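>
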DNA sequence: TGCCAGGCCGGGT
DNA sequence: ACCCGGCATGGC
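Residue numbers (our numbering): 1090 to 1312.
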């Protein structure tokens, strides 16, 4: 027996999927690249991250050994376009150190632990918070865990499905309680939410062509 | 031009 | 336990 919440979330998903088509995330070729991208895109437009990733590749630095050796200043200069380049260089380094030291730089080793344990240890790495950890779990590890971001909160608050003050964990469990635990569904759903958010769901609600017709922000209501 | 972008940390209350 | 400033580039 499906609850109202379950039906509503699936309906929204279907509408977004129909509108935008399959997203086939993550936009990265390797598991390492997904992790790097997840850190670089923190509070940053993906277009800025792309340049940084292309710089890293150009210097053959999208590779564990090189990332271990590279000096922090050099790394920062390569990822400049992604913003916060000093903190992000530190964060990349702390992830790389953790990954190399605890898992011998092998993703099979990382993901063979229980997902809760992987999440917990990722969160203990300085610079990796819940969204980055969950992005790594879902998109690099194929773990069925729902990724929450600012768009998710904004959109589903406007749809009155969550409260304004809902925490990351609260929003995540709302989705996971109301959706089947399917990696592919979570993968596409989050990607579609980002797509919607980028193009239609700005902080200042002026969203007339938004495919979610029930969203009150279409009428420029204040939130 | 100011606002915004696929967060997170650390210090202060 | 919350709250807030700091971190920074690039696109519109």
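In this text, a Cβ means the ideal position worked out from N, Cα and C, and glycines have one as well. Please read all numbers here as calculations on a predicted model, not as lab measurements.
1) With a cut-off of 8 Å, do at least 3 Cβ pairs link the region 1230-1237 to the region 1260-1279?
2) Are residue 1109 and residue 1284 touching if we call contact CB-CB under 8 Å?
3) For the alpha helix (DSSP H) containing residue 1212, name the first residue and the last one.
4) For residue 1169 and residue 1195, I'd like the C-alpha separation in whole angstroms.
5) By how many angstroms is the C-alpha of residue 1301 removed from the C-alpha of residue 1101?
6) On the three-pair Cβ rule with 8 Å, is the region 1253-1260 touching the region 1133-1144?
7) Please report the straight-line C-alpha distance between residue 1185 and residue 1161, rounded to a whole angstrom.
8) Rounded to the nearest angstrom, what separates residue 1121 and residue 1153 at their Cα positions?
9) For residue 1051, does the count of other Cβ atoms within 10 angstroms reach 16, so buried, or fall short, so exposed?
10) Secondary structure at residue 1090, three-state DSSP: helix, strand or coil?
11) When burial is assigned at 16 or more other CB atoms within 10 Å of the CB, is residue 1269 buried or exposed?
12) Thinking just about the alpha-carbon of each residue, which of 1244, 1183 and 1242 is nearest to the one in residue 1213?
13) How is residue 1163 classed by DSSP in three states: helix, strand or coil?
14) Return the first residue and the last residue of the alpha helix (DSSP H) that residue 1110 is part of.
15) Which whole-angstrom value describes the C-beta separation of residue 1272 and residue 1232, a residue pair presumed to lie in contact below a C-beta threshold of 8 Å?
16) Leaving out five residues on either side along the sequence, give the residues of the same chain with a beta carbon under 6 Å from the beta carbon of residue 1145.
17) Compare the Cα-Cα distances from residue 1288 to each of 1105, 1124, 1099 and 1197 and report the closest residue.
18) Here's the rule I'm using: 16 or more other beta-carbon atoms within 10 Å means buried, otherwise exposed. How should residue 1229 be labelled?
19) Whole-angstrom Cβ separation of residue 1225 and residue 1127, contact assumed at under 8 Å?
20) Among 1286, 1274, 1303 and 1304, which one has its Cα closest to the Cα of residue 1111?
21) Hey, how far is the Cα of residue 1266 from the Cα of residue 1176?
22) Could you tell me whether the Cβ atoms of residue 1171 and residue 1129 are closer together than 8 Å?
Walking through what the data contain:
1) In short, these stretches touch, since the Cβ pair count reaches three.
2) Yes, the Cβ-Cβ distance between residue 1109 and residue 1284 is below 8 Å.
3) Run containing residue 1212: 1204-1212, per the alpha helix (DSSP H) assignment.
4) Each residue's alpha carbon lies about 27 Å from the other.
5) Cα to Cα, residue 1101 sits roughly 8 Å from residue 1301.
6) No, because fewer than three Cβ pairs between the region 1253-1260 and the region 1133-1144 fall closer than 8 Å, the two stretches do not touch.
7) Taken atom to atom, the span from the alpha-carbon of residue 1185 to that of residue 1161 is near 12 Å.
8) Rounded to whole angstroms, the gap between the alpha carbons of residue 1121 and residue 1153 is 8 Å.
9) No information on residue 1051 is available, as it lies outside the stretch 1090 to 1312 that the chain covers here.
10) Of the three classes helix, strand and coil, the one that applies to residue 1090 here is coil, per DSSP.
11) By the 10 Å Cβ count, residue 1269 comes out exposed.
12) Taking only the C-alpha atoms, the option nearest residue 1213 is 1183.
13) Residue state, collapsed to three classes: helix.
14) DSSP places residue 1110 in no alpha helix (DSSP H); its state is neither H nor E.
15) That pair is a contact at about 7 Å.
16) The residues are 1151 and 1167.
17) Of the listed residues, the one whose Cα sits closest to residue 1288 is 1105.
18) It is buried - the Cβ of residue 1229 has at least 16 other Cβ atoms within 10 Å.
19) Their Cβ separation, rounded to whole angstroms, is 6 Å, which keeps residue 1225 and residue 1127 in contact under 8 Å.
20) Among 1286, 1274, 1303 and 1304, the Cα nearest to that of residue 1111 is on 1274.
21) Cα atoms of residue 1266 and residue 1176: separation of roughly 35 Å, rounded to the nearest angstrom.
22) A contact, by the Cβ cut-off of 8 Å.
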